[in-house]
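What follows is a single structure, written as structure tokens, with notes after it.
In UniProt numbering, the protein residues as written are 1 to 450.
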């Protein structure tokens with residue numbers, strides 16, 4: 001069952017060519033950060049194109065609970081009157097972050113260096129996910145955390161009354177951990193330094209600079225060294241949120257594997273720390289082109305055109321690319337099942353601690369649909385036999401994971417027989433218009449009685 005309501009079983013049947021324009025929602029990562037940084041600025045931040053999925057709405061509610069004035073003016077149009085760095089008020093109630101690991105970890109960082117206490121919880125999936133990866137570095141600032149065994153939610157964070165700056169080397173590639181430390185560093189005196197051995201999505205660094213923070217990034221032999229000067233006065237911004245590349249992955253990948261398809265996905269953010277999937281698909285032989293390349297709000301953007309690609313081959317995905325496409329491996333595995341040969345994915349152990357164990361969830365479901373999958377702790381491989389080779393016919397468990405649910409529904413569009421998921425309700429957390437958007441392109445995704 002979804003943490004936000006009753007389960008919604010869905011079935012995706014084989015369909016004809018997908019065609020048309022897929023206007024996917026705003027970028028989830030940038031949407032979260034727009035609300036949080038807007039709440040930490042002084043004055044009014046105006047946001048257009050905000051993703052209005054449940055994850056981001058939960059972050060908006062949290063910012064209100066910490067004292068910011070957050071208002072929706074129309075679809076995707078929001079404003080945030082911030083309270084300034086160090087200006088958060090103590091929430092009167094528990095902060096429910098729903099299904100959002102990004103939301104809860106970034107908010108913990110943002111409040112950890114203020115002398116306030118907040119308790120966080122989430123849905124059944126979020127409450128199973130590890131938080132020590134964030135609370136451990138936050139403790140270096142002076143914050144204290146009290147949670148369930150294994151560092152899990154519900155959890156109370158007691159912010160540091162007298163925070164100190166830290167130097168922290170992120171032990172695993174994680175934009176969430178890096179961002180939590182940087183947000184905590186905003187209200188610590190002096191310089192907070194984060195070192196990451198492998199580059200991860202850099203929206204936080206870009207947006208901190210945009211809001212007026214003094215921040216530098218240096219490439220060294222030890223990795224990327226990010227230095228932030230604490231206690232700035234952040235200046236409110238006007239933000240246009242680009243469309244989400246992680247959401248674009250689903251109509252793009254569907255078009256590549258459904259015969260005769262030709263789909264345009266406009267205005268997609270192509271930040272190099274996020275675009276690994278599209279690079280990988282093109283290496284596999286996908287007919288995927290970038291049109292009208294441009295820069296918007298400091299982020300590279302293009303319109304993506306994806307056409308059916310019957311000659312895609314399995315490849316070895318470079319492990320160093322994992323951080324730039326970590327959320328897209330589930331749907332990549334669906335494309336791999338429709339390519340020819342073995343697609344090997346290494347350096348992906350982070351997939352085991354996402355909304356679900358994504359390697360296991362996809363492996364079990366794909367095998368049930370007639371696909372050969374091998375896996376290890378930090379790798380997995382999918383053997384494809386070309387277009388039309390996925391038998392389908394299975395009901396796959398989504399494990400309260402939006403990306404698992406959407407990946408199997410995409411698989412059903414190109415399988416020999418329909419593929420079902422036991423619960424598509426979590427899709428609303430990141431891609432609330434998935435069903436009507438895919439239907440407009442020609443997909444046949446239907447809800448069924450639980």
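By construction, the Cβ of each residue, glycine as well, lies at the ideal position given by its N, Cα and C atoms.
- Minimum Cα-Cα distance from residue 5 among the listed residues 178, 404 and 400 corresponds to 400.
- Around the C-beta of residue 201, 16 or more other C-beta atoms lie within 10 Å, and the residue is accordingly described as buried.
- Counted as a single uninterrupted DSSP element, the beta strand (DSSP E) harbouring residue 118 occupies residues 117-121.
- Taking C-alpha positions only, residue 32 is separated from residue 274 by approximately 16 Å.
- Membership of residue 333 in the alpha helix (DSSP H) is indicated by the continuous run 329-338.
- With fewer than 16 other Cβ atoms inside 10 Å of its own Cβ, residue 293 counts as exposed.
- Assigned with DSSP and collapsed to three states, residue 262 falls in strand.
- Of all alpha-carbon atoms in 186, 421, 99 and 219, the one lying nearest the alpha-carbon of residue 138 is that of 186.
- Contact between the stretch 408-424 and the stretch 341-359 is absent: fewer than 3 CB-CB pairs across the two stretches fall below 8 Å.
- Within a 10 Å sphere around the beta-carbon of residue 197 sit fewer than 16 other beta-carbons, which makes this residue exposed.
- For residue 316, the closest alpha carbon among the candidates 301, 295, 282 and 306 is that of 282.
- Separation of residue 50 and residue 241 (C-alpha to C-alpha, rounded to the nearest whole angstrom) is 6 Å.
- In the three-state reduction of the DSSP assignment, residue 354 falls in the coil class.
- The Cβ atoms of residue 364 and residue 253 do not sit closer than 8 Å to each other.
- Residue 379 and residue 142 have their C-alpha atoms roughly 37 Å apart.
- For residue 95 and residue 154, the gap between their C-alpha atoms comes out near 10 Å.
- Taken through DSSP and simplified to helix, strand or coil, residue 205 comes out as helix.
- Cβ-Cβ distances below 6 Å link residue 397 to 422 in the same chain, with the five nearest sequence neighbours on each side left out; the list follows chain order.
- With a beta-carbon spacing of about 5 Å, residue 106 and residue 179 fall inside the 8 Å limit used to define contacts.
- Within the DSSP bridge table, the entry for residue 26 names 243 as partners.
- Cβ atoms of residue 122 and residue 99 come within 8 Å of each other, at about 7 Å.
- Taking all protein chains in view, the Cβ of residue 311 is surrounded by fewer than 16 other Cβ atoms within 10 Å, so the residue is classified as exposed.
- A Cβ-Cβ separation of about 5 Å places residue 419 in contact with residue 392 under the 8 Å criterion.
- Secondary structure at residue 302: strand, using DSSP grouped into helix, strand and coil.
- According to the DSSP secondary-structure assignment, residue 157 is paired through a beta bridge with 118 and 145.
- Listed as beta-bridge partners of residue 385 by DSSP are 340.
- Judged by DSSP in its simplified three-state form, residue 292 adopts strand.
- Within the same chain, 252, 255, 256, 263 and 288 come within 6 Å of residue 306 by CB-CB distance, once the 5 residues on both sides are set aside.
- If you compare the alpha carbons of 21, 9, 243 and 156 with that of residue 437, the shortest gap goes to 21.
- Note on residue 165: 16 or more other CB atoms within 10 angstroms of its CB, so buried under the neighbour-count rule.
- Note that the C-beta distance between residue 130 and residue 152 is below 8 Å.
- Here the alpha carbons of residue 243 and residue 26 stand approximately 4 Å from one another.
- Counting along the chain, no alpha helix (DSSP H) covers residue 228; the unbroken beta strand (DSSP E) around it starts and ends at 223-229.
- About 32 Å separates the beta carbon of residue 125 from that of residue 86, a gap too long to meet the 8 Å contact definition.
- Apart from the 5 residues on each side of it in sequence, residue 39 sits with its Cβ closer than 7 Å to the Cβ of 63, 66, 68, 80, 82 and 83 in its chain, given in chain order.
- Residue burial is scored here from C-beta neighbours: residue 412 has at least 16 other C-beta atoms within 10 angstroms and is therefore classed as buried.
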